[in-house]
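Report on the structure given below.
Written out as structure tokens, the structure is:
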């Protein structure tokens, strides 16, 4: 994983207002899953591995939603001259 550059809260709130609800939820779930997957897991704990598999499935589901969503809404721009 790469180090994240912190984004100011005002910028995050502004960009979140423009996203559809399901995309906002997917982005939040992906962030939470990345935090959980970054934590060390005991190799002997079956419960921890089960939780990790569940979080990994949630991360994949969120990633699929984010990949299917265009970065910018499709709008035509015309040059008025």
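In my numbering, the protein residues as written are -18 to 62.
Every residue gets a Cβ at the ideal spot worked out from N, C-alpha and C, and that includes glycine.
Excluding sequence positions up to five before and after residue -2, its CB lies less than 6 Å from no other CB in the same chain. Inter-residue distance for residue 26 and residue 32 is about 10 Å (C-alpha atoms, whole angstroms). Residue 19 and residue 40 have their C-alpha atoms spaced approximately 12 Å apart. Contact check for residue 48 and residue 10: beta-carbon distance about 14 Å, past the 8 Å limit, so the pair fails to qualify.
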